[in-house]
Amino acid sequence: MGNKKRLLCKVFLTLVFVLSIGFSGITNSYAGSLNEVNLNVNILENGDAVINMVWDSVEDEGTEIYIPIENLKDSKVTDLVVKENGVVFESQSEWDTDLSRDEKTHKSGILETSNGYEICWGIGEGKNHRYEVSYKITNMVKQLNDYQMIYWQFINPGMKNPPEKVNLSVRSDKKFNEDNTRFWEFGFEGQGSFNNGEINIENNQSFNDSNKLVLLMRLDKDMFNTNSLIDEDFQYYQEKAFDGSSYTMETAEEAISRKKTEKNIRNVFLGFLAAGIGAITLAIVGSKKVSEKPYIDVSKYKGEYYRDIPYKGHMEDIFYLFENINLSSYDKYLNYFLLKWIKEGVVESTTYTQGLFKTKKDGLKILKAPENPGVLEKKFYDFTVEAAKLSSEDGKKVLREKDFKTWMEKNDAKFNKFINEFSLYSMKKSKEQGYIEEKTNKFLIFKKYVQTGTKEGIEIQENLVKFRNYLKDFSLLDERRSFEVNIWDEYMMYAAIFGITKEVEKEFRKISPQYFEQTTFDTNTLLMCYIYSNSINNYHANVGMSGSSGLGGISSIGGGGGSFGGGFGGGAR
Numbered sequence: 061m062g063n064k065k066r067l068l069c070k071v072f073l074t075l076v077f078v079l080s081i082g083f084s085g086i087t088n089s090y091a092g093s094l095n096e097v098n099l100n101v102n103i104l105e106n107g108d109a110v111i112n113m114v115w116d117s118v119e120d121e122g123t124e125i126y127i128p129i130e131n132l133k134d135s136k137v138t139d140l141v142v143k144e145n146g147v148v149f150e151s152q153s154e155w156d157t158d159l160s161r162d163e164k165t166h167k168s169g170i171l172e173t174s175n176g177y178e179i180c181w182g183i184g185e186g187k188n189h190r191y192e193v194s195y196k197i198t199n200m201v202k203q204l205n206d207y208q209m210i211y212w213q214f215i216n217p218g219m220k221n222p223p224e225k226v227n228l229s230v231r232s233d234k235k236f237n238e239d240n241t242r243f244w245e246f247g248f249e250g251q252g253s254f255n256n257g258e259i260n261i262e263n264n265q266s267f268n269d270s271n272k273l274v275l276l277m278r279l280d281k282d283m284f285n286t287n288s289l290i291d292e293d294f295q296y297y298q299e300k301a302f303d304g305s306s307y308t309m310e311t312a313e314e315a316i317s318r319k320k321t322e323k324n325i326r327n328v329f330l331g332f333l334a335a336g337i338g339a340i341t342l343a344i345v346g347s348k349k350v351s352e353k354p355y356i357d358v359s360k361y362k363g364e365y366y367r368d369i370p371y372k373g374h375m376e377d378i379f380y381l382f383e384n385i386n387l388s389s390y391d392k393y394l395n396y397f398l399l400k401w402i403k404e405g406v407v408e409s410t411t412y413t414q415g416l417f418k419t420k421k422d423g424l425k426i427l428k429a430p431e432n433p434g435v436l437e438k439k440f441y442d443f444t445v446e447a448a449k450l451s452s453e454d455g456k457k458v459l460r461e462k463d464f465k466t467w468m469e470k471n472d473a474k475f476n477k478f479i480n481e482f483s484l485y486s487m488k489k490s491k492e493q494g495y496i497e498e499k500t501n502k503f504l505i506f507k508k509y510v511q512t513g514t515k516e517g518i519e520i521q522e523n524l525v526k527f528r529n530y531l532k533d534f535s536l537l538d539e540r541r542s543f544e545v546n547i548w549d550e551y552m553m554y555a556a557i558f559g560i561t562k563e564v565e566k567e568f569r570k571i572s573p574q575y576f577e578q579t580t581f582d583t584n585t586l587l588m589c590y591i592y593s594n595s596i597n598n599y600h601a602n603v604g605m606s607g608s609s610g611l612g613g614i615s616s617i618g619g620g621g622g623s624f625g626g627g628f629g630g631g632a633r
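Here my numbering is used: the first residue of the sequence shown is 61, the next is one more, and so on.
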């Protein structure tokens with residue numbers, strides 16, 4: 061009998077333990093999140109704005125959703141309407157934040173604060189929600205001395221659950237276009253464009269609690285009949301917004317002139333595939349510039365050398381260490397991938413015939429998958445395979461110019477997202493390996509995140525700088541009259557990352573020209589890499605100016621200070 065009791069006791073305790081784990085898992089699986097925020101902003105004739113927002117979220121705690129809207133000058137927030145699943149929420153003239161979740165269900169209201177307003181609504185039953193929210197901002201359009209302006213923060217930093225996806229559309233009966241409007245986006249990773257009289261903006265990377273979405277628009281002077289007057293020129297606000305950003309003060313005239321030649325530049329860029337390297341990287345449409353200061357002063361290491369391979373792992377893992385001291389960039393890394401593939405036999409140059417007259421063209425034949433690729437290298441390879449077409453001769457895929465051009469027309473955003481991953485992925489890997497660390501500086505309720513190099517990370521940067529010096533002065537050092545092909549191949553791949561392939565080739569020829577008879581990196585291959593690097597840089601610079609011009613393009617992570625509507629925080633409480 062005693063044994064039975066002990067057995068039953070054990071079974072009971074086991075069940076309690078299992079169930080506690082199960083319920084714990086269920087609780088964790090419903091962690092709150094803000095999946096998507098869609099904002100449609102309609103600018104009225106009088107300069108007011110009607111904002112229609114879809115808020116898609118999972119709410120596991122709290123009683124209400126709130127959004128602070130502050131720094132309003134002469135603007136007001138009015139006409140709040142919230143609904144979910146067809147049910148229009150009851151509007152409260154005075155919002156009481158102390159009510160229970162049940163008491164706030166299907167209710168909404170505007171709470172006046174000392175700094176502005178909070179739009180609020182009850183979370184309601186369940187966890188998964190898709191709220192439809194509408195409200196008006198009066199006097200969003202400001203009349204300046206020389207132009208009209210919209211300068212508004214649409215997504216706040218410091219939200220409890222920063223949004224995964226954000227879409228912002230700004231429209232009006234006036235139709236926004238390159239003739240009457242310039243616009244710039246700040247505080248997040250993404251891009252904007254004109255689209256049939258609207259401005260469309262979206263993010264490429266999920267927001268974190270330091271991200272925000274600020275939009276600056278310059279409008280023709282008499283575009284809207286606004287009564288909100290500010291005795292300043294547009295340049296006053298533009299300089300405030302651009303402070304700390306990646307934008308430059310490109311004039312409208314310069315932008316229009318550049319836009320007219322953009323098509324020709326792209327066509328010239330596409331032509332480099334004929335040299336054999338393929339337009340694999342045409343989709344580079346921007347980069348994330350890290351705002352932190354360089355961890356070391358490169359100029360201090362002049363005349364110092366490091367003779368061993370500086371890093372043995374996946375090179376993409378330390379991209380951030382290169383970028384932080386301006387030793388490399390995305391396009392040079394793609395050069396490195398190409399050389400790595402040639403050495404591994406992943407790709408080889410080939411020719412194919414095209415057109416009625418069977419004109420011979422150069423392309424890239426894909427032979428096999430790369431050996432032990434990193435995450436980003438694998439993605440780059442997958443894009444190449446997607447773009448290439450099967451050859452009728454041997455069943456292998458060949459990347460032809462028109463194939464990749466067609467692929468790019470459909471996948472530009474996809475490749476741009478890939479490019480933006482370089483810094484983020486590398487920062488993550490560098491943190492994991494102890495090469496960089498994140499410090500938080502606090503001021504009142506605000507937090508600023510600063511990346512700094514650790515002792516180990518700085519040592520790698522120092523070795524990279526010294527190794528670059530070593531390659532550039534290779535023949536002067538007169539250390540290697542003999543050569544090992546595999547080691548020199550490694551040197552050539554590093555040279556591609558540094559962007560000094562042509563210089564290193566000359567250095568190697570001075571010492572041992574026989575190397576080029578034994579390596580897979582023959583003269584034509586190195587020439588292709590040289591053309592590749594220059595083409596990418598030219599195209600990349602062209603796209604960078606697009607964002608600065610206000611004609612659409614890549615957003616700036618920094619900048620956007622002093623905007624109207626700027627608040628902090630929001631979400632469930």
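C-beta: ideal position from N, C-alpha, C; glycine also.
Bear in mind that the values here come from a model prediction, so they are computed numbers and not experimental data.
When DSSP builds the beta bridges, which residues end up paired with Lys456? Beta-bridge analysis with DSSP links Lys456 to no other residue.
Report yes or no: do the stretch 365 to 376 and the stretch 424 to 436 share at least 3 C-beta pairs separated by less than 8 Å? Verdict: yes, contact present.
According to DSSP, simplified to helix, strand and coil, what is Ala632? The three-state secondary structure of Ala632, taken from DSSP, is strand.
Taking CB distances under 7 Å as the criterion, tell me whether Glu565 reaches chain D. Annotation note: the requested chain D is absent from the structure, which comprises a single protein chain.
Looking at Ile210: is its Cβ nearer than 7 Å to the Cβ of Leu273? Taking 7 Å as the Cβ cut-off, Ile210 and Leu273 do not qualify as a contacting pair.
Rounded to the nearest angstrom, how far is the Cβ of Tyr355 from that of Gly513, given a contact under 8 Å? Between Tyr355 and Gly513, the beta carbon gap of about 4 Å places them in contact (Cβ cut-off 8 Å).
Going by the beta-carbon positions, is the gap between Lys164 and Glu124 smaller than 7 Å? Yes, the Cβ-Cβ distance between Lys164 and Glu124 is below 7 Å.
Going by beta carbon distance, what residues of the same chain come within less than 6 Å of Phe243, once the five residues before and after it are set aside? Counting only residues of its own chain and dropping the five nearest sequence neighbours on each side, Phe243 has a CB closer than 6 Å to the CB of Ile259, Met277, Gly610.
Expected contact under 8 Å - CB spacing of Ser288 and Ile557 to nearest Å: So it is not a contact: roughly 52 Å between Cβ atoms.
What number of angstroms, rounded off, separates the C-alpha of Tyr47 from the C-alpha of Glu565? In the structure displayed, the chain extends from 61 to 633; residue 47 sits before or after that span and is not available.
Taking contact to mean 3 or more Cβ pairs, one atom from each stretch, closer than 8 Å, check whether the stretch 567 to 575 and the stretch 399 to 407 are in contact. Judged by Cβ distances under 8 Å, the stretch 567 to 575 makes no contact with the stretch 399 to 407, as fewer than three pairs qualify.
Of all the options Ser117, Gly186, Tyr191, which has the alpha carbon lying nearest to the alpha carbon of Val147? Answer by Cα proximity: Tyr191.
With a 10 Å radius around its C-beta and 16 neighbouring C-beta atoms as the bar for buried, classify Lys418 as buried or exposed. So Lys418 ends up on the exposed side.
Compare the beta carbon distance of Lys526 and Tyr361 with 7 Å and say whether it is the shorter of the two. Cβ atoms of Lys526 and Tyr361: closer than 7 Å.
Taking 8 Å as the threshold, find out whether the stretch 179 to 198 comes into contact with the stretch 137 to 144 through three or more Cβ pairs. Segments in contact, yes.
Need the endpoints of the alpha helix (DSSP H) that Gly182 sits in, please. Where Gly182 is concerned, there is no enclosing alpha helix (DSSP H), although the beta strand (DSSP E) around it starts and stops at 176 to 182.
Can you give the Cα-Cα distance for Ile179 and Ser168, rounded to whole angstroms? If you take the alpha carbons of Ile179 and Ser168, they lie about 8 Å apart.
According to the neighbour-count rule (16 or more other Cβ atoms, all chains shown, within 10 Å of its Cβ), is Val359 buried or exposed? Here residue 359 is Ser; the residue named in the question, Val, does not match the sequence. Taking every protein chain shown into account, the CB of Ser359 has fewer than 16 other CB atoms within 10 angstroms, so this residue is exposed.
Which first and last residues belong to the beta strand (DSSP E) in which Glu124 is found? Where Glu124 is concerned, the enclosing beta strand (DSSP E) stretches over 124 to 130.
From Ile385, Gln265, Lys488, Thr173, residue whose alpha carbon lies closest to that of Glu154: Answer by Cα proximity: Thr173.
For the candidate residues Tyr126, Ala109, Val101, whose alpha-carbon lies nearest to that of Phe628? In this structure, Tyr126 is the residue among Tyr126, Ala109, Val101 with its C-alpha nearest to the C-alpha of Phe628.
Buried or exposed, going by whether 16 or more other CB atoms sit within 10 Å of the CB of Leu132? Note on Leu132: 16 or more other CB atoms within 10 angstroms of its CB, so buried under the neighbour-count rule.
Between the beta-carbon of Arg460 and the beta-carbon of Gly423, is there less than 7 Å? Taking 7 Å as the Cβ cut-off, Arg460 and Gly423 qualify as a contacting pair.
Any idea if Ser615 is buried or exposed, counting beta-carbon neighbours within 10 angstroms, 16 or more meaning buried? Taking all protein chains in view, the Cβ of Ser615 is crowded by 16 or more other Cβ atoms within 10 Å, so the residue is classified as buried.
Let's test the definition: count the other Cβ atoms within 10 Å of the Cβ of Pro217 and tell me whether it reaches 16, buried, or not, exposed. By the neighbour-count rule (16 or more Cβ atoms within 10 Å), Pro217 is buried.
Reduced DSSP category for Val148 - H, G, I as helix; E, B as strand; rest coil: Strand at Val148.
Closest Cα partner of Asn384 within the set Ile520, Lys400, Ala447, Phe397: Ranking the options by Cα distance to Asn384, first place goes to Ile520.
Is the beta carbon of Met552 less than 7 Å from the beta carbon of Phe576? Taking 7 Å as the Cβ cut-off, Met552 and Phe576 do not qualify as a contacting pair.
What is the rounded straight-line gap between the Cα of Ser623 and the Cα of Leu275? Their backbone Cα atoms lie some 8 Å apart in a straight line.
Length at least 4, wholly inside the stretch 231 to 312: the alpha helix (DSSP H) runs in chain order: With a minimum length of 4 residues, the continuous alpha helix (DSSP H) runs that stay inside the stretch 231 to 312 are 294 to 302.
With 16 other CB atoms within 10 Å as the buried threshold, where does Asn285 fall? It is exposed - the Cβ of Asn285 has fewer than 16 other Cβ atoms within 10 Å.
Go ahead and pull the three-state DSSP assignment for Asp368. Of the three classes helix, strand and coil, the one that applies to Asp368 here is coil, per DSSP.
With distances taken Cα to Cα, identify the nearest neighbour of Val545 among Thr579, Glu522, Leu537. With respect to the C-alpha of Val545, the residue from Thr579, Glu522, Leu537 having the closest C-alpha is Thr579.
Helix, strand or coil for Leu531? Go by DSSP, reduced to three states. In the structure shown, Leu531 sits in a helix (DSSP, three-state: H, G or I).
Can you check which of these residues, Asp357, Gly626, Ala301, Gly559, is closest to Glu522 by C-alpha distance? Of Asp357, Gly626, Ala301, Gly559, the smallest CA-CA separation from Glu522 is found for Asp357.
DSSP beta-bridge partners for Gln493? According to DSSP, residue pairing for Gln493 in a beta bridge does not occur.
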